[in-house]
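Residue numbers for the sequence shown, in this note's numbering: 40 to 646. Positions of the beta carbon are idealized from the N, C-alpha and C atoms, including for glycine.
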Amino acid sequence: MCGIVGYIGTRPAAPVIMDGLQALEYRGYDSAGIVLINKNTAVNTKQVGRVVQLKTILAAGSTAPLAIGHTRWATHGEPSILNSHPHANSDKTIFVVHNGIIENHEQLRTKLRAEGYVFISETDTEVVPHLIDYYFKQTGSFNTAFKAALADLTGAYAIAAVTTHEPDSLFAARLSSPLVIGVGEEEYILASDPSAILEHTKKVIYLDDHDVAVITKNSLKVHNTRTDKPIEHDVELLDLDTKKAQLGDYAHYMLKEIYEAPETIRSAIRGRVKASKGIVKLGGLENVVAQLRYIDRIVIVACGTSYYAGLVGEYLIEEIAGIPVEVQQASEFKYRCEPFSRSTALLAISQSGETADTIAALKKVEDYGVLKLGIVNTPGSTIARMTDAGVYCHAGPEQAVASTKAFIAQVTVLTLIALHLSDGASKLYKPLLKELEALPAKAEAVLKLSDDIAKIAHKYQNARDFLYIGRQYGYPCALEGALKLKEVSYIHAEGYAAGEMKHGPLAMIDKDFPTFAIATDSPLLDKTISSIEEIRARKGHVFALATEGNTAIEKLADNVVYLPKTMEQTQPILVAIAMQLFSYHVAVAKGFDVDRPRNLAKSVTVE
Ligand code: G6P
Numbered sequence: 040m041c042g043i044v045g046y047i048g049t050r051p052a053a054p055v056i057m058d059g060l061q062a063l064e065y066r067g068y069d070s071a072g073i074v075l076i077n078k079n080t081a082v083n084t085k086q087v088g089r090v091v092q093l094k095t096i097l098a099a100g101s102t103a104p105l106a107i108g109h110t111r112w113a114t115h116g117e118p119s120i121l122n123s124h125p126h127a128n129s130d131k132t133i134f135v136v137h138n139g140i141i142e143n144h145e146q147l148r149t150k151l152r153a154e155g156y157v158f159i160s161e162t163d164t165e166v167v168p169h170l171i172d173y174y175f176k177q178t179g180s181f182n183t184a185f186k187a188a189l190a191d192l193t194g195a196y197a198i199a200a201v202t203t204h205e206p207d208s209l210f211a212a213r214l215s216s217p218l219v220i221g222v223g224e225e226e227y228i229l230a231s232d233p234s235a236i237l238e239h240t241k242k243v244i245y246l247d248d249h250d251v252a253v254i255t256k257n258s259l260k261v262h263n264t265r266t267d268k269p270i271e272h273d274v275e276l277l278d279l280d281t282k283k284a285q286l287g288d289y290a291h292y293m294l295k296e297i298y299e300a301p302e303t304i305r306s307a308i309r310g311r312v313k314a315s316k317g318i319v320k321l322g323g324l325e326n327v328v329a330q331l332r333y334i335d336r337i338v339i340v341a342c343g344t345s346y347y348a349g350l351v352g353e354y355l356i357e358e359i360a361g362i363p364v365e366v367q368q369a370s371e372f373k374y375r376c377e378p379f380s381r382s383t384a385l386l387a388i389s390q391s392g393e394t395a396d397t398i399a400a401l402k403k404v405e406d407y408g409v410l411k412l413g414i415v416n417t418p419g420s421t422i423a424r425m426t427d428a429g430v431y432c433h434a435g436p437e438q439a440v441a442s443t444k445a446f447i448a449q450v451t452v453l454t455l456i457a458l459h460l461s462d463g464a465s466k467l468y469k470p471l472l473k474e475l476e477a478l479p480a481k482a483e484a485v486l487k488l489s490d491d492i493a494k495i496a497h498k499y500q501n502a503r504d505f506l507y508i509g510r511q512y513g514y515p516c517a518l519e520g521a522l523k524l525k526e527v528s529y530i531h532a533e534g535y536a537a538g539e540m541k542h543g544p545l546a547m548i549d550k551d552f553p554t555f556a557i558a559t560d561s562p563l564l565d566k567t568i569s570s571i572e573e574i575r576a577r578k579g580h581v582f583a584l585a586t587e588g589n590t591a592i593e594k595l596a597d598n599v600v601y602l603p604k605t606m607e608q609t610q611p612i613l614v615a616i617a618m619q620l621f622s623y624h625v626a627v628a629k630g631f632d633v634d635r636p637r638n639l640a641k642s643v644t645v646e
């Protein structure tokens, strides 16, 4: 979603902002803009489309040492130059970029209109520069005006502001939307996501909610408006690898990230699993071991693919550790009225660590005194910092909007957590530890099936609909498989528990409504086969995933891909890789931008 980059220092700001905006492209956006401040002159340039297009119209050779830039993912108003950021006051002296949503923008607009302010965009953001202007005209102090304007806003925001009235300062504020400040030599780089900073410095400061920062090239002052006190944040070191985010020889990030599955599993278990000694060690949970003993219920909250990983986790934790688990979409959880006891732990799963709804879910339980756990991929992200304890995924940066390797990492980590919570008591403990170590090689074997899967994908590329079915561990896989296909190929797809076929979905089946069946080995395979028989009887086409050595499915399915034999509990990982490859090949065959599907964003930082 939207991205913010700001720069103040001694170098020309424009290249830093443009590179930063490009580093944020993976989040998804539809327009981009930058305002350069040089002494009392401001040059505001905006463009619909990609950052490279903005580059082509940006006046070359600007030496302006202060600038803010933005990539916009449209929420209020279509993608257009007028709606893109930076937004300005009518005098063009105050400029603002904003991530999040100003919920009371209509009221503020009405109030400002009554004062004679004129609006030129449909955005919620445009009220902010006008509001600052309104207070600036009363007080003559930009800092005071900025804070007064912030006090009027409700909603979520990360805001960066610059003004020709104070061309040596960069202003920033956050509430429920991340902002991080890179600390350089006589320079600061502000961004909504550390990946925009990484190239320049690994030293960063994370702003907290209600923080207002005033930055010059030599100083950073942060004031927290809730406590009304100045605050000195520790400088932290970014633990991110720049190299991993490069595309290399792959045609798309999505393919590259699917191919990283074996290494993803290795990274997730490295130093944590010692099968020969029967050990699973999760350093991130060590400080809450005593509390974990009293946990009798776990509520998992997440969104999108992370939510489906959570559903796999539900099966894993209940079967292996015997602890009841409930998985909720974070967007529902945060508004739901439900009893919540202190012996319940909340487990948030998030690749980015910045998903607004998941953050809101964690905030909701802040006063309940419950244990907040996290499974997060991005070190230092908001969710990683909000939780009491957790386990990092270590999957490295994920660039493609459709999540692939993060799902693999999340399910691997959930397996480790289930084993950890079982305290070795489960009969699955030792075999699973061993199987986890064998899994990367099996994932390699699945990747070798890519060409076979591509052929099948080409056959189905013109399907309008797709049904995905599975049972038990295969059920959340079916949901995730359908999501993956929707996201990148725009084919309508639905995931269903195979046992529910007769309760509705069977009505849709005909020769033009194919089914993707997860028919890997399990005690319920015969029942899944019966569902496939019913589909065949209605002339439905079936593409099935089965387990090597079990050809029972051959005579029923139109196409079968055989996955290596593994335990039922680790099947979701191999199944997911095959499903990801299928979606990828369908989308490529259709000629779509697989890494940046239409209308979607990688990091959903608004509600
Ligand atoms: C967006 C992304 C999905 C992701 C979901 C949750 O919708 O496009 O790929 O699964 O957000 O994101 P999170 O970062 O919290 O896992």
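Are residue i and residue j closer than 8 Å when you measure CB to CB?
i: Tyr196; j: Ala187; result: no
i: Ala428; j: Gly323; result: yes
i: Ser380; j: Ile334; result: no
i: Ile171; j: Leu620; result: no
i: Gly659; j: Glu145; result: Limits of the chain in this structure are 40 at one end and 646 at the other, which puts residue 659 out of reach.
i: Gly532; j: Ala558; result: The amino acid at residue 532 is misidentified as Gly; the sequence shows Ala. No, they are not a contact pair.
i: Ala445; j: Ala628; result: no
i: Val643; j: Cys342; result: yes
i: Ala314; j: Leu460; result: no
i: Leu218; j: Ser234; result: no
i: Gly59; j: Trp112; result: no
i: Gly42; j: Thr110; result: yes
i: Ser599; j: Ala615; result: The residue asked about is misnamed: residue 599 is Val in this sequence, not Ser. Not a contact, by the Cβ cut-off of 8 Å.
i: Val253; j: Thr240; result: no
Look at the alpha carbon of residue i and the alpha carbon of residue j, and state the distance between them as a whole number of angstroms.
i: Gly108; j: Gln92; result: 14 Å
i: Ala348; j: Thr84; result: 41 Å
i: Ile244; j: Thr426; result: 18 Å
i: Leu455; j: Glu353; result: 13 Å
i: Leu368; j: Val340; result: Residue 368 is actually Gln in this sequence, not Leu. Rounded to whole angstroms, Gln368 to Val340 spans 6 Å at the Cα level.
i: Pro418; j: Ala596; result: 43 Å
i: Val366; j: Ala127; result: 43 Å
i: Glu205; j: Phe372; result: 44 Å
i: Lys176; j: Ser370; result: 40 Å
i: Ile76; j: His124; result: 15 Å
i: Thr178; j: Leu151; result: 17 Å
i: Ala434; j: Asn416; result: 6 Å
i: Pro118; j: Val440; result: 19 Å
i: Val430; j: Gly413; result: 6 Å
i: Ser442; j: Pro515; result: 15 Å
i: Pro363; j: Ala457; result: 11 Å
i: Thr183; j: Asp273; result: 25 Å
i: Leu467; j: Ile270; result: 49 Å
On the criterion of 16 or more Cβ atoms from any shown chain inside 10 Å, does residue i qualify as buried, or is it exposed?
i: Ala122; result: The question names Ala, yet the displayed sequence has Asn at residue 122. That one is buried.
i: Val318; result: Contrary to the premise, residue 318 reads as Ile rather than Val in this sequence. With fewer than 16 Cβ atoms within 10 Å of its Cβ, Ile318 is classed as exposed.
i: Ser622; result: buried
i: Cys376; result: exposed
i: Gln9; result: Since the displayed the chain opens at 40 and closes at 646, residue 9 lies outside it and no answer follows.
i: Val328; result: exposed
i: Asp551; result: exposed
i: Asp565; result: exposed
i: Asp267; result: exposed
i: Ala546; result: exposed
i: Val157; result: exposed
i: Ile96; result: exposed
i: His169; result: buried
i: Asp163; result: buried
i: His542; result: exposed
i: Gln285; result: exposed
- Do the region 92-111 and the region 45-52 touch if we need at least three Cβ pairs shorter than 8 Å? A contact exists between the region 92-111 and the region 45-52.
- Item | beta strand (DSSP E) segments (min. 3 residues) lying fully within the region 432-456 | If we require 3 residues or more, the region 432-456 turns out to have no beta strand (DSSP E) run fully inside it.
- Item | Touching by the beta-carbon criterion (3+ pairs, under 8 Å), the region 521-528 and the region 628-635 | Cβ pair count under 8 Å is three or more, so yes.
- Query: Okay, do the region 358-371 and the region 291-304 touch, 3+ Cβ pairs below 8 Å being the bar?
  - Reply: Pairwise C-beta distances place the region 358-371 out of contact with the region 291-304, as fewer than three of them are shorter than 8 Å.
- Meets three-Cβ-pair contact criterion under 8 Å: the region 238-253 and the region 211-227: With the cut-off at 8 Å, the region 238-253 and the region 211-227 touch.
- Item | Uninterrupted alpha helix (DSSP H) stretches inside the region 361-437 (no shorter than 4 residues) | Correct list: 369-372, 395-403, 421-425.
- Report yes or no: do three or more beta-carbon pairs, one from the region 488-506 and one from the region 403-412, lie closer than 8 Å? Taking 8 Å as the limit for Cβ pairs, the verdict is that the region 403-412 does not touch the region 488-506.
- Fully enclosed by the region 482-522, which beta strand (DSSP E) runs are 3 residues long or longer? Inside the region 482-522, DSSP marks whole beta strand (DSSP E) runs of 3 or more residues at positions 504-509, from first to last along the chain.
- Item | the region 533-543 touching the region 509-519, judged by at least three CB pairs closer than 8 Å | With the rule of 3 Cβ pairs closer than 8 Å, the region 533-543 counts as touching the region 509-519.
- Ignoring anything shorter than 4 residues or poking outside the region 152-191, list the alpha helix (DSSP H) runs there in chain order. Unbroken alpha helix (DSSP H) runs of no fewer than 4 residues, entirely contained in the region 152-191, are found at 166-178, 181-191, following chain order.
- Message: Quick check on the DSSP output: what are the complete beta strand (DSSP E) runs of length 3 or more inside the region 541-628, in order along the chain?
- Response: Look at the region 541-628 and you find these whole runs of beta strand (DSSP E), each 3 residues long or longer: 554-558, 581-586, 598-602.
- Message: So within the region 103-137, which uninterrupted beta strand (DSSP E) runs reach at least 3 residues, ignoring any that extend past its ends?
- Response: The beta strand (DSSP E) runs of length 3 or more contained entirely in the region 103-137 are, from start to end of the chain, 105-111.
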